[in-house]
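**Q** Listed in order, the protein sequences are those of chains A and B. Here the first sequence is numbered in my numbering, starting from 54 and rising by one per residue. Here the second sequence is numbered in my numbering, starting from 54 and rising by one per residue.
Protein chains: 2
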Amino acid sequence: MASGKPASGEDSLIACYFRPLATDPGAYSLDDDAGALMPSGDDIVVTTDAIVEGVHFLPDDPPDTVARKALRVNLSDLAAKGAVPAGFVLTLALRSADEVWLKPFASALGEDAAQFGCPLLGGDTVSTPGPLMVSVTAFGRVPPGRMVHRSGAGVGERVMVTGTIGDAALGLAILRGGKVHAAASDKAARDALVGRYRVPQPRVALAEIVRDHASAAMDVSDGLAGDLAKLCSVSGVSAVIEVDAIPLSDAARDLVTRGVIGPETLITGGDDYEILCTMAEDRVGPFTQAAWVAGVAVSSIGTIVAGSSVPKFVDKEGREIALERLSYSHF
Amino acid sequence: MASGKPASGEDSLIACYFRPLATDPGAYSLDDDAGALMPSGDDIVVTTDAIVEGVHFLPDDPPDTVARKALRVNLSDLAAKGAVPAGFVLTLALRSADEVWLKPFASALGEDAAQFGCPLLGGDTVSTPGPLMVSVTAFGRVPPGRMVHRSGAGVGERVMVTGTIGDAALGLAILRGGKVHAAASDKAARDALVGRYRVPQPRVALAEIVRDHASAAMDVSDGLAGDLAKLCSVSGVSAVIEVDAIPLSDAARDLVTRGVIGPETLITGGDDYEILCTMAEDRVGPFTQAAWVAGVAVSSIGTIVAGSSVPKFVDKEGREIALERLSYSHF
Chain A
54 MASGKPASGE DSLIACYFRP LATDPGAYSL DDDAGALMPS GDDIVVTTDA
104 IVEGVHFLPD DPPDTVARKA LRVNLSDLAA KGAVPAGFVL TLALRSADEV
154 WLKPFASALG EDAAQFGCPL LGGDTVSTPG PLMVSVTAFG RVPPGRMVHR
204 SGAGVGERVM VTGTIGDAAL GLAILRGGKV HAAASDKAAR DALVGRYRVP
254 QPRVALAEIV RDHASAAMDV SDGLAGDLAK LCSVSGVSAV IEVDAIPLSD
304 AARDLVTRGV IGPETLITGG DDYEILCTMA EDRVGPFTQA AWVAGVAVSS
354 IGTIVAGSSV PKFVDKEGRE IALERLSYSH F
Chain B
54 MASGKPASGE DSLIACYFRP LATDPGAYSL DDDAGALMPS GDDIVVTTDA
104 IVEGVHFLPD DPPDTVARKA LRVNLSDLAA KGAVPAGFVL TLALRSADEV
154 WLKPFASALG EDAAQFGCPL LGGDTVSTPG PLMVSVTAFG RVPPGRMVHR
204 SGAGVGERVM VTGTIGDAAL GLAILRGGKV HAAASDKAAR DALVGRYRVP
254 QPRVALAEIV RDHASAAMDV SDGLAGDLAK LCSVSGVSAV IEVDAIPLSD
304 AARDLVTRGV IGPETLITGG DDYEILCTMA EDRVGPFTQA AWVAGVAVSS
354 IGTIVAGSSV PKFVDKEGRE IALERLSYSH F
């Protein structure tokens, strides 16, 4: 992003909407070809996630929620890696420079950047004849070598997850209409679930706590079952998960209790943006306490076991719940 | 980018095509949610540029050239900022996971990453119903505070540019057919110009030399006239450019000499990916010498003057050449 006095359309667009967000000295007021991250002795953790209209968000999702989702899915990755946000760059592919869309988009992006301490450092706006796409690359800091990996889970450790699982999948189902929409007759419950789909709550407050306690971690973005399978695979272990221990919101639990959906809908749905992590038994107490102080509920949902099979999800009688698919795949 | 044994389509795509590129320890074999840049005491310069099918490259451009262009436009930014490449992340928005396209794309990307010492650290692949898009965020290192800005140009300094200007615009004109294609009857010349459009030559070898000598710098991506105007505007100066001093390839000069195109086609065309920089008169010699040793020709094309007007382009009689537009804008 760059702008000078002889402004082109792109330049004036940036000057108007995004320069107010470039409050960090490393953004150089978006007047340069690049931004900069100053050295702190930390490792810089780098993550990138893009969201595409019609794939990751719906064409009629409000622009402010699109902005927040684009940044937050990346903040969620940083938190799961134990990294404290340091900044981000934005690539915006637009069909047109539509002020009605851009103004609330930029405004919400600025609010989130401030709230999570993750300043805009630069970006690129390009035109596309296709769907709108927002790609964010976010940076975080961890002390040298302290990034939390997917690969550290050990046999006998507990599997922990933050918040509640499956709400975003239900929110998407509600937006698409159908049986979940019809069954969730309470508007407040519907709005809450749709909110979870549109605006994830990245667990930024847990970054250092995850780093202090977890042996392995990742964020749950493609569904708990599939993401846990990935963590286990890279760690060379398997897991047994007690389905009844998986934390559900009241709205989700109500739908399960009434038989509208089965638990598989929740554990294979995507867009949770909770942190999934593993830790030794004696870490569970201190982790739970520290997370509680940080305002985040965490739940112990199962155990890491030896083996290379896909993790098992069992009910309270110990029967395995069959999953038709583990998670969402774009291809 | 992440993959585990229970591979989804996206995961196996990444494993197959992109994991071989993840040779840097900070890429964690693309098995994790994030990559990492180790601390070196340097500032990390961050730049991001996306290319969109039908906008920045043509639908029938070969996949290997698309890969090289996507990375090189970012390497060009780093070089102009005086930054030595440190790594990049990739976001790929694809309509389908087409092996015939992906294999040469990934292979060429790996070759360029190796050639320019800029390893893949992570990425994201998403599906899109729209045009293919490749977004790269690249990282470079400079000693603390030594990033070269657009804003340092001083009155009386010389304006320098690397390589030749306008070839890529001619290459694009050739691909689109029309008078330039018809006039450039020599196939070798045509191929060379098309090559300049499809595969930029980022001046990575000049990063430290620019840092040592330039007061201000940027890469020429949207046309020399428009980009110089931006540099001057941010520096609070103007410039006078001698059009006859602008370096042209033999093919471009031939087309100008024969009257097929005017110089304005060359100086307002985009995609040059040369470095434009300013420096004190006494730096011109050492800069030119150092660039020559690095294998890059540089030319002195004009002078920074006081004022806030758009830079003037004058012919050898001192007459100003009128430019209908300064550069390409996407909006």
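A virtual CB, placed ideally from N, CA and C, is assigned to each residue, including glycine.
#1: Got a sec, what are the start and stop residues for the alpha helix (DSSP H) residue 256 (chain B) sits in?
#2: Helix, strand or coil: how does DSSP classify residue 75 (chain B) here?
#3: Assuming residue 89 (chain A) is part of the beta strand (DSSP E), what are its boundary residues?
#4: If you count every other CB in all the chains shown that lies within 10 Å of the CB of residue 268 (chain B), and 16 or more means buried, which is it?
#5: Beta-carbon of residue 318 (chain B) versus every beta-carbon of chain A: anything under 9 Å?
#6: Whose CA, out of A:273, A:266, A:334 and A:67, lies closest to the CA of residue 130 (chain A)?
#7: Cutting at 8 Å between CB atoms, please list the residues of its own chain near residue 309 (chain A), excluding the five before and the five after it.
#8: For chain A, is any of its Cβ atoms less than 9 Å away from the one on residue 266 (chain B)?
#9: Quick one: using the 10 Å Cβ neighbour count with 16 as the cut-off for buried, is residue 181 (chain A) buried or exposed?
#10: Would a check of beta-carbon distances place residue 456 (chain A) closer than 9 Å to chain B?
#11: When DSSP builds the beta bridges, which residues end up paired with residue 357 (chain B)?
#12: Would residue 98 (chain B) pass as a contact of residue 193 (chain B) if the rule is Cβ separation under 9 Å?
#13: Going by beta-carbon coordinates alone, are residue 95 (chain B) and residue 195 (chain B) separated by less than 9 Å?
#14: Can you list, in chain order, the residues of its chain with a C-beta nearer than 6 Å to that of residue 133 (chain A)? Leave out the 5 residues immediately preceding and following it.
#15: What number of angstroms, rounded off, separates the C-alpha of residue 231 (chain B) from the C-alpha of residue 183 (chain A)?
#16: Does residue 190 (chain A) pass the burial test, meaning 16 or more other C-beta atoms within 10 Å, or should it be called exposed?
#17: Would you check if the distance between the CB atom of residue 151 (chain B) and the CB atom of residue 127 (chain B) is smaller than 9 Å?
#18: With a cut-off of 8 Å, do at least 3 Cβ pairs link the stretch 281–292 of chain B to the stretch 341–351 of chain B?
#19: Counting along the chain, where does the beta strand (DSSP E) carrying residue 147 (chain A) start and finish?
#20: Does DSSP put residue 131 (chain A) in a helix, a strand or coil?
#21: Buried or exposed for residue 383 (chain A), going by 16 or more other Cβ atoms inside 10 Å?
#22: Spell out whether any CB of chain A is found under 9 Å from the CB atom of residue 355 (chain B).
#23: Any idea what DSSP makes of residue 160 (chain B), helix, strand or coil?
#24: Count the other CB atoms within 10 Å of the CB of residue 167 (chain B); is the residue buried (16 or more) or exposed (fewer)?
#25: Would you report the Cα separation of residue 119 (chain A) and residue 145 (chain B), rounded to the nearest angstrom?
#26: Quick one: which residues of the stretch 172–190 of chain A get their C-beta closer than 8 Å to a C-beta of chain B? List them in chain order.
#27: Let me see if you follow: with CB-CB separation under 9 Å, is residue 311 (chain A) close to chain B or not?
#28: Just to confirm, are residue 289 (chain A) and residue 361 (chain A) a CB contact at a threshold of 9 Å?
#29: Less than 8 Å between the CB atoms is what I'm expecting for residue 262 (chain B) and residue 366 (chain B), so what's the real figure, rounded?
#30: Terminal residues of the continuous beta strand (DSSP E) containing residue 102 (chain B)?
#31: Against residue 219 (chain B), what residues of chain A qualify as contacts under a CB-to-CB distance less than 9 Å, listed in chain order?
#32: On the premise that residue 226 (chain B) lies in contact with residue 249 (chain B), defined as a C-beta separation below 8 Å, what is that separation, rounded to the nearest angstrom?
#33: What's the call for residue 229 (chain B), buried or exposed, on a 16-neighbour Cβ count within 10 Å?
#34: Within a Cβ cutoff of 7 Å, which residues of the same chain sit near residue 336 (chain B), ignoring the five residues on either side of it in sequence?
#35: Residue ranges of each alpha helix (DSSP H) run of no fewer than 4 residues wholly in the stretch 206–259 of chain A, ordered along the chain?
#36: For residue 97 (chain B), would you say it is in contact with chain A, using Cβ-to-Cβ distances shorter than 9 Å as the test?
**A** Judging by the given coordinates:
#1: Counting along the chain, residue 256 (chain B) falls outside any alpha helix (DSSP H), and DSSP gives it neither H nor E.
#2: coil
#3: 88–90
#4: buried
#5: no
#6: A:273
#7: 301, 315, 316 and 319
#8: no
#9: buried
#10: Because residue 456 (chain A) is not part of the residues shown, which for chain A are 54 to 384, the question remains open.
#11: B:292
#12: yes
#13: yes
#14: 270, 271, 272 and 328
#15: 27 Å
#16: buried
#17: no
#18: no
#19: 137–147
#20: helix
#21: Low confidence applies here, because residue 383 (chain A) scores a pLDDT of 49, under 50, leaving its location unreliable; read the following figure in that light. Buried is the call here.
#22: no
#23: helix
#24: exposed
#25: 19 Å
#26: 174, 175, 176, 177, 178, 179, 180, 181, 182, 183, 184, 186, 188 and 190
#27: no
#28: yes
#29: Not a contact, Cβ separation roughly 26 Å.
#30: 96–105
#31: Neighbours of residue 219 (chain B) on chain A: none; closest Cβ ~19 Å, over 9 Å.
#32: The Cβ separation is near 12 Å, so there is no contact.
#33: exposed
#34: 266
#35: 220–228, 232–236 and 240–251
#36: yes
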